[in-house]
Every structure is written in C-alpha cells, then in structure tokens.
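Please read the structure below before turning to the comments.
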Ligand code: FAD
Ligand code: NAI
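Numbering (our numbering), first residue to last: 40 to 505.
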C-alpha cells in the first residue's frame, strides 16, 4: 500500500511533533514516523522530562535533610524511597508522551510506528512490526535527533558505565559516581545523585566547567557546586576504564600531559556531548552529506536536496528542546509558503541545578573575540531582599549591552529560579530592547526578578545596592 502526504516527518521528538502539530494546523496532510514505542523523542522519554523529575524530587529530599530545620521546620526520619522517586518520574513521562499522542490525533496527523528511511526524492519507507510500507511525500522533514557520544575504548553498558539514559534509572544510590564531562548533563545528573548521597567526582577535559557559558558565571557555579560537595578534576582526560568484580578503575591524566593516575569508583556516567543521529536514514539516496561531526547542514531548515528539510538536534545550533520546537513550527510555516524564522542567537540555555544557571545571547568572551565594545551591569543575589529573606543568596545576574546603542547583547545568571527569569531578557532581546528599557520597567517587590532590573540599572552605573 502507498500513501501520499504533503509532509512526512521522520522522528517524533520536540522538533518532529511540534512540526507535525503546526503542519496539521496549517491544513497540510501530515504523517510522522517514530521508532520508539512512545512519542516525544529524547526529551520526553529519556531527557528533559525524566531528568527534571529527578532534579525536583532530589532537591526537595536534600532540602528536607539540610535546609528545613533552619526555617523552623523540624523533621525526623526523612528517608529516600528511590523506587517511588523513579515511579513519579515514570508517571511524568507517561502522562506527557500520551499527551503528544493525543495532540497528533487532535491535529489529524497520521502516526506510523517504525523506522523511517528516505528512499529517493519524495519517497519514505517505514519499516514496522508488520513489514515495510511506502509513503509518498511532497516534503520530507528529518527530525531524527541525537544520541550520546562515547569515548573510544569505553563501552557504555548502561549498568555500571552509563549514559544519561542509564543514569536516570540506576537501581540504587552508588556510593561513588564519576562523571566524565562537566557540561549540562554532568552537572544536572551529578547533582541528582549527589543529593541522594553519592560522592560525585566530575572529570572535565577543559580547564573550566560548562564551555559555552559566560566564564564568570561558570566559575561562580563551580564554587557553589564544590560547596555542595562535588569534586572537580579539570584539565583531565579519561584514558580508560577497567571493570573489577565490584568497582571500576578509571585511568586519567592531565590534558596538558602531566602524570597519569587511577581512581576507583562504582558507576561512571559518560556525559561528553551528543552527536546527530542519522543511522540508516538513506541520506545518500537524495544526495545529502552530513559534515564531519555528523551534522546535516541547513539553510533556513532546507537541506541540499529539494523538498527535504531538517530540524532539531540533527542539524546545527544548540541541542535544546525549545530550539528543536521553534524550528519545527517555523519549518511547517515555510512548507506552507509562510514566513518562518528562528534566531539562534536568542535561544536561552538553562541548567536545572540548584541554583539554576541561565543565559541568552553573547558572553563577554565572545564579544571580546568579536572586538565589539560593550558595557556590563551586575547584581548579586546577596543584595536582593527576597533572596536574603529566603536564604537563597548564592549567585548573580549579569547583563551585557552594546557600549554605544545600549541594546542588550546577552544576559547570564546563576541563582534560584533564574531559569524562569531569563524569559524576561529573551522577550526584551526579541523586541531589540536596551538595558535602560529593563531598568525603567517596574518589577514587583520583593522578588528575585528585581536583581534583573538592578543588573540592568548597573549597566549605566545607577544600581541601588542595599
Ligand atoms: P529527539 O528528541 O532526539 O527526537 C528524535 C526522535 O527521532 C527520537 O524519538 C528517535 O527515536 C526518532 N528517530 C530517529 N531516527 C529515526 C528513524 N529513522 N525513524 C523513526 N524515528 C527515528 N533540552 C532542553 O531544552 N531542556 C532540557 O532540560 C533538556 N534536558 C535534557 C536532559 C537529558 C538527559 C538529555 C539527554 C537531553 C536533554 N535536553 C534538554 C536536550 C533535548 O532532549 C534535545 O535537544 C531534544 O530532544 C531534541 O529534539 P529533536 O526533536 O531534535 O530530537
Ligand atoms: P555538553 O556539551 O554540555 O558537555 C560535555 C562536556 O564534556 C564538555 O564540558 C566537554 O568539554 C567535556 N568533554 C568532552 N570530551 C571529554 C573527555 N574526553 N573527557 C572529559 N571531558 C570531556 O554535553 P552533555 O552534558 O553531554 O549534554 C549533551 C547535550 O544535551 C547538550 O548539548 C545540552 O544542550 C543538552 N542538554 C540540555 C539540558 C538542558 O537544557 N538543561 C540538560 C541536559 C542535556
């Protein structure tokens, strides 16, 4: 049997399913193919959602043990029920993946369960449990996402040497957890298991944590995580892992060539980045060649092949769910002949540790490299009345504006709730706002968001310190 669709989307993650919804809303006959049992991609099944469920629950557990008493809330017998914590995580995932299935129905999108393969221009073959089926497609959207990168010679078994997927489903709290990579996954999942009782050591190749984040914010964050009990081994390269009957021996050496050492641990989490996923996709049948990192290049989501589009983690730009989602919607609009656009320079990044880290736009390091003149305003949460009242004074807000025009070029924050606060700056930047626009906007008192306003005031030097 063969079917003809206006749009066939391969992959039902945030990129694919949001593209499908928008296509449906625009009246395009749309199909989506997914090889996982449930829709929602990495994000809903093994990424954003389960990790945030574990971060939330473990944060409350840690607060109950270490912070409640200071607030006059006395508790005894606080105990971890890991099985229940995993269950509430699974419940969140189930609810949301079923929600996506409902949205496909609501928007009249046909869902095919199986693996999609491009088979020449305008043809996609779906291999499912009942054999193969051919779909004719006026447009094909590649939304196949990404997979964890691995280290040469180190096999991820998802039991003792795990990727983020295994780290989200450990059966017990390891006494010692070694994380390779001080990026977003390493810090988030390292925080989860650290709060639940593991001794966490993070080994990072570079001399800093969170490459890509503003250096000052990364340094402050590292100090905060160190205070929380995480150990960092920076400028260090892991060279091998030996499996013993009970533990693991990790060999490592300084990346600048110093003496090697061996460290014992129980579980290793490999979190050294993700790579685009294009296995068996049939790209050669339409003449698409990924670059040397496996990324499918795009020009406004168009690939080099006519009628073939690409969105999300499998193409260039930050590997983030909201970036994939924005591209999904914009791609549908372009297919429907409308204007669709995503500004990669205004995609926020949030690390959901405690406190959170958030940013949007340029870092100071990037602006220095570009040779662009800028001004900076900063405000520490230790001077914010709400933060002081709540005993949540770690961190700061930093706003960077053009030296001449005062246009906001970037904002970088670490502090409780900054993952929500960054949205204010995203809106401001979309509207081309100046730091003075934020400085003159009323912010409720007492709120943590006053720190954003004070940082903006700081750009012109009129911050009101306590
Ligand atoms: P994916 O979500 O990877 O979806 C692609 C889908 O395509 C998959 O379901 C895959 O099975 C399917 N597929 C692949 N090939 C085929 C084929 N040939 N046929 C059929 N189906 C196929 N981002 C955030 O913004 N915020 C977060 O808090 C966050 N937390 C994360 C936590 C973790 C632990 C991880 C691993 C990632 C996290 N991310 C987060 C990143 C986020 O998950 C990704 O950026 C996002 O899922 C990318 O969406 P996508 O649609 O491009 O791809
Ligand atoms: P990452 O790119 O954030 O960090 C990887 C880290 O590993 C880097 O610091 C890198 O220098 C280091 N590294 C690389 N090779 C190494 C080696 N051999 N030895 C030691 N260190 C090494 O990647 P991560 O954390 O794996 O996350 C993957 C993607 O998932 C990211 O792009 C991120 O955007 C996304 N993600 C987003 C989240 C969020 O938005 N909150 C949460 C989790 C993941």
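Don't be surprised by glycine CBs; every beta carbon is placed ideally from N, CA and C. Here the structure is a predicted model, which is why all the values come from computation and not from measurement.
Check                                                                                                                        : Outcome
Member of 269, 133, 209, 185 whose CA lies at the smallest distance from the CA of residue 221                               : 269
Close beta carbons around residue 454, own chain, < 6 Å, minus the five adjacent residues each side                          : 394, 420, 434
Contact test: residue 23 Cβ vs the ligand FAD heavy atom, cutoff 7 Å                                                         : Lying before the first or after the last residue shown, residue 23 is absent from the chain, which here runs from 40 to 505.
Contact test: residue 225 Cβ vs the ligand FMN heavy atom, cutoff 7 Å                                                        : Inclusion of the ligand FMN in the displayed structure is not the case, the ligand content consisting of the ligand FAD and the ligand NAI alone.
Cα-Cα separation, residue 61 to residue 54                                                                                   : 11 Å
Residue 219 versus residue 311 - alpha carbon distance                                                                       : 6 Å
Proximity of residue 416 and residue 438 at Cβ, strictly below 8 Å                                                           : yes
Bridge partner(s) assigned by DSSP for residue 315                                                                           : 185
Helix, strand or coil at residue 139 [DSSP, three-state]                                                                     : helix
Outcome for residue 178 when other beta-carbon atoms lying within 10 angstroms are tallied against a minimum of 16           : buried
Within 8 Å, strictly: CB atoms of residue 153 and residue 166                                                                : yes
Residue 324 - DSSP class collapsed to helix/strand/coil                                                                      : helix
Heavy atom of the ligand NAI within 7 Å of residue 220 beta-carbon                                                           : yes
Minimum C-alpha distance to residue 191 - residue among 318, 379, 279                                                        : 279
Host beta strand (DSSP E) of residue 449 (start-end)                                                                         : 447-454
Proximal residues to residue 140 (C-beta, below 8 Å), its chain only, five neighbours per side dropped                       : 77, 78, 150
Any non-hydrogen atom of the ligand NAI closer than 7 Å to residue 255 Cβ                                                    : no
Residue 388 CB to nearest heavy atom of the ligand NAI below 7 Å                                                             : yes
Top-ranked residue by Cα proximity to residue 375, from 68, 51, 56                                                           : 68
Cα-Cα separation between residue 243 and residue 172, rounded to whole angstroms                                             : 46 Å
Check: residue 241 C-beta below 7 Å from any heavy atom of the ligand FAD                                                    : no
Cβ distance (whole Å) where residue 121 is taken to contact residue 228 below 8 Å                                            : Not quite, the Cβ-Cβ distance comes to about 15 Å (not below 8 Å), so this is no contact.
Per-residue DSSP class, three states only, for residue 242                                                                   : strand
Contact belief for residue 461 with residue 387 at Cβ below 8 Å, rounded distance in angstroms                               : 5 Å
Cβ shell of residue 294 (< 7 Å), same chain only, five flanking positions each side left out                                 : 244, 274, 275, 276
Neighbour-count burial assignment, residue 487, 16 or more Cβ in a 10 Å radius                                               : buried
Cβ-Cβ separation, residue 321 to residue 156 (assumed contact under 8 Å), whole Å                                            : 4 Å
Identity of the residues DSSP links to residue 308 by a beta bridge                                                          : 201, 218
Opposing strand residues paired with residue 46 [DSSP bridges]                                                               : 69, 178
Neighbourhood of residue 132 by C-beta distance below 7 Å, restricted to the same chain and skipping five residues each side : 83, 84, 88, 89
C-beta atoms of residue 432 and residue 426 nearer than 8 Å                                                                  : yes
Simplified DSSP assignment, three categories, for residue 130                                                                : helix
Buried versus exposed call for residue 337 [16 or more other C-beta atoms within 10 Å across all chains shown]               : buried
Where the beta strand (DSSP E) containing residue 290 begins and where it ends                                               : 287-293
Same chain, Cβ closer than 6 Å to residue 301, five either side skipped, listed in chain order                               : 288, 290
Residue closest to residue 379, alpha-carbon to alpha-carbon, out of 410, 341, 352                                           : 341
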